[in-house]
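Heads up, the sequence shown is in the numbering used here, so the first residue is 446 and it goes up one at a time. Note that CB positions come from ideal geometry on N, CA and C, so glycine has one too. Computed from a predicted model, the values in this text were never measured in an experiment. Beneath this line is the structure, given in structure tokens, with notes to follow.
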Amino acid sequence: MKIVIVGGVAGGASAAARARRCNPRAEITILEKGSVISFANCGLPYHIGGEIALRQKLLVATPELFWKRFRIAVRTQHDVTRIDREHRRVEAIDLLTGQVVTIPYDRLILSTGSEPNKPAASVPWPSNVSQLWTLSDMDRIIETIRSQNVKRAVVVGGGFVGLEVVEQLHRLGIAVTLVERNPQVLMPLDVAFARIIENCLVEKGVDLKLGVDLQDFTIENGFATAANLSNGTKIATELVVVGAGVRPRTSLAVDAGLLIGESGGVTVNSFMQTSDPDVYAVGDMVELVHGVLNEPVRVPLAGPANRAGRIAGEHAAGGDSPAMGKILGTAIVRVFELTAACTGLSEKACSAKDIPFKASIILAPSHASYFPGAQSLQLKIVYSPTDGKLLGAQAVGGDGVDKRIDVIATAIHFGATVWQLAELDLAYAPPFGSAKDPIHMAAFCACNDLSNAPNLISPNADLSGKQIVDVRTAKERLELPLPHAISIEIDEFPERWQELDPNKPTVVVCHSGKRAHIGACWLRGNGFKDVSNLTGGMSIRSLLS
Ligand code: FAD
446 MKIVIVGGVA
456 GGASAAARAR
466 RCNPRAEITI
476 LEKGSVISFA
486 NCGLPYHIGG
496 EIALRQKLLV
506 ATPELFWKRF
516 RIAVRTQHDV
526 TRIDREHRRV
536 EAIDLLTGQV
546 VTIPYDRLIL
556 STGSEPNKPA
566 ASVPWPSNVS
576 QLWTLSDMDR
586 IIETIRSQNV
596 KRAVVVGGGF
606 VGLEVVEQLH
616 RLGIAVTLVE
626 RNPQVLMPLD
636 VAFARIIENC
646 LVEKGVDLKL
656 GVDLQDFTIE
666 NGFATAANLS
676 NGTKIATELV
686 VVGAGVRPRT
696 SLAVDAGLLI
706 GESGGVTVNS
716 FMQTSDPDVY
726 AVGDMVELVH
736 GVLNEPVRVP
746 LAGPANRAGR
756 IAGEHAAGGD
766 SPAMGKILGT
776 AIVRVFELTA
786 ACTGLSEKAC
796 SAKDIPFKAS
806 IILAPSHASY
816 FPGAQSLQLK
826 IVYSPTDGKL
836 LGAQAVGGDG
846 VDKRIDVIAT
856 AIHFGATVWQ
866 LAELDLAYAP
876 PFGSAKDPIH
886 MAAFCACNDL
896 SNAPNLISPN
906 ADLSGKQIVD
916 VRTAKERLEL
926 PLPHAISIEI
936 DEFPERWQEL
946 DPNKPTVVVC
956 HSGKRAHIGA
966 CWLRGNGFKD
976 VSNLTGGMSI
986 RSLLS
């Protein structure tokens with residue numbers, strides 16, 4: 446059995462190692478057009494900033510190790526140019542000699558990844574402009590920083606990679622301008638959660654330009670001296686790093702006549718077989734089934750690539766394997782002291798797909814507030830208003846964002862409802878969490894909402910015509926004013942609630958939604974028919990104005 450793998454990084458290297466473990470007799474070959482395999486692309490930004498000090502740490506496995514330990518032949522600098530499905534062979538150019546080699550296969554696994562988008566008007570790029578996709582991109586950026594003594598940089602793209610680069614350049618003392626064509630950074634997040642990250646960037650001195658695109662460069666002696674934006678702004682710079690998203694690298698698959706899905710990724714079944722059962726495809730180049738939407742999507746992330754590689758390797762080597770699970774696009778990024786993470790669908794994604802949703806937003810300490818070091822965490826869960834099924838979640842904060850999103854991703858994977866989320870038995874001691882974890886709190890709010898006890902309304906709801914009751918303190922009201930509200934601080938509620946009109950639709954508001962819930966319960970229990978709580982309170986509403 447001859448297994449040939451094209452692409453030797455995340456998906457390809459996983460496939461190769463798994464194939465060997467499942468079949469000690471198979472002849473396994475990796476063809477990789479780059480000069481290394483199995484490097485940690487996710488670590489590239491952190492070597493630029495010096496947080497990963499040794500470049501060598503990024504080389505997770507070498508061709509020598511693959512041969513020594515697994516007897517997997519690795520041919521680096523071999524660019525596969527054609528798949529001949531009829532004769533089951535691939536053609537590759539040996540980039541060192543220029544020779545064309547033909548390699549036969551019984552099973553072929555493609556993991557050719559994706560290509561970074563290049564903003565159209567900026568091609569060809571001057572030498573101090575780079576994407577960050579490979580080790581050589583990283584080396585070029587580091588060399589530019591060193592040789593040009595870079596003090597100012599422009600990062601194009603406020604997605605996960607762009608933000609990591611911003612953080613790392615800032616760490617080097619470089620003044621950074623971040624240019625993002627969308628009106629917010631981190632598009633998978635809803636606006637308010639992205640605003641928390643944007644505020645953090647601005648506090649750190651990052652010059653944030655939202656809603657503008659890179660137009661072209663001012664070039665002097667082969668160097669970009671300014672990045673010119675679509676709104677006419679010119680940003681003087683010594684380095685530009687572009688992280689403007691990716692598209693699947695599918696030309697080999699397209700030329701070979703393999704089926705391509707609507708999203709632009711290669712169509713695969715749950716064993717990662719393409720429309721030709723002897724040809725598998727994994728990683729950024731494929732589309733996978735989304736666990737909430739139940740439709741194919743592309744999620745160019747390392748987790749799905751590695752897991753799919755493992756499945757393809759096993760299936761190719763032995764004819765059987767577990768099926769690839771559905772994906773949720775669970776993702777995380779650190780931005781200075783904050784972490785942002787998400788899973789499943791945002792409100793935006795639900796709206797775009799006409800999926801009915803409700804959301805509960807809480808602000809909670811990362812662990813028991815009386816234990817030193819607690820950091821605040823904003824958590825939002827999105828759920829179905831009809832059956833309470835979880836649709837998605839996002840969180841921004843200090844410690845503990847990762848575990849909350851991973852727990853909720855697990856719950857969504859198993860089709861949990863908000864009531865089931867509220868039942869989870871989670872580990873607790875004061876340094877780690879709270880007896881009622883933020884996950885429980887978000888779930889409790891959602892359960893209250895669905896049983897109208899009382900219900901939640903969106904932080905950007907139109908409050909006109911409603912009796913708005915502000916239960917915050919005078920100091921809080923001064924800091925974040927809420928016009929047209931009747932102020933009754935929560936501890937005055939037992940004496941003063943009669944001042945309110947029970948026949949008016951009423952919304953109770955506080956900073957986070959917690960005290961507002963107490964007020965809303967008080968009113969509902971006293972006969973107010975239409976009472977709701979502004980979820981997330983002013984901490985979120987103020988970010989949306
Ligand atoms: P890759 O790992 O990109 O491997 C594809 C390989 O195929 C490449 O080495 C390429 O040279 C080779 N190849 C392509 N065409 C040919 C050909 N014709 N012949 C031979 N070889 C070929 N994901 C996360 O989940 N979390 C993160 O924190 C994260 N951070 C990232 C940071 C950066 C800077 C980058 C660049 C990516 C990051 N990712 C992250 C994304 C993640 O790395 C990718 O989703 C993952 O590597 C995809 O795996 P893959 O096997 O599909 O492609």
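Straight through space, the alpha carbons of residue 915 and residue 953 are spaced by roughly 6 Å. Between residue 736 and residue 858, the CB-CB gap stays under 8 Å. The beta strand (DSSP E) runs lying completely inside the region 908–978 and spanning 3 residues or more are 912–915, 930–932, 951–954, given in chain order. For residue 756, the enclosing alpha helix (DSSP H) stretches over residues 747–763.
Contact check for residue 657 against residue 626 passes: the beta carbons are separated by less than 8 Å. Its chain contains 824, 883, 886, 887, 890, 957, 958 as the residues whose beta carbon lies nearer than 7 Å to that of residue 807, once the 5 sequence neighbours on both sides are disregarded; these appear in chain order. Residues of the same chain with a CB within less than 6 Å of the CB of residue 962, apart from the 5 flanking positions on each side, are 978 in chain order.
Of the heavy atoms belonging to the ligand FAD, at least one sits nearer than 7 Å to the Cβ of residue 477. With a cutoff of 8 Å on beta-carbon distance, residue 757 and residue 717 are scored as near each other. As the crow flies, the alpha-carbon of residue 448 is around 57 Å from that of residue 982. Sorting 906, 910, 975 by C-alpha distance to the C-alpha of residue 990 places 906 at the top. Taken through DSSP and simplified to helix, strand or coil, residue 491 comes out as helix.
Beta-bridge partners of residue 828 (DSSP): 803, 835. Non-local C-beta neighbours of residue 892 in its own chain, meaning closer than 7 Å and more than five positions away in sequence, comprise 863, 864, 867, ordered along the chain. In summary, residue 788 is buried, with 16 or more beta-carbon neighbours lying within 10 Å of its beta-carbon over all protein chains present. Proximity of the beta carbon of residue 539 to the ligand FAD is not indicated: no heavy atom of the ligand is located closer than 7 Å. Pairing residue 795 with residue 802, the inter-Cα distance amounts to about 7 Å.
The beta carbon of residue 526 lies closer than 7 Å to those of 536, 537, 538 in the same chain, with the five residues before and after it left out. Runs of the beta strand (DSSP E) lying entirely within the region 470–548 and spanning at least 3 residues, in chain order: 472–477, 517–521, 523–529, 534–539. Under the three-pair Cβ rule at 8 Å, the region 689–699 does not count as touching the region 670–677. Fewer than three pairs of CB atoms, one per stretch, sit closer than 8 Å, so the region 736–756 makes no contact with the region 578–589.
Remark: three or more beta-carbon pairs, one from each stretch, lie closer than 8 Å, so the region 548–560 and the region 707–725 are flagged as touching. A distance criterion of 7 Å places the beta-carbon of residue 795 beyond contact range of the ligand FAD, judged by its closest non-hydrogen atom. Taking residue 520 as the centre and dropping the five residues before and after it, the same chain places the C-beta of 476 closer than 6 Å to its C-beta, in chain order. DSSP, read as helix, strand or coil, puts residue 609 in helix. Residue 624: member of the beta strand (DSSP E) spanning 620–625, first to last residue. In terms of Cβ geometry, residue 602 and residue 687 form a close pair [threshold 8 Å].
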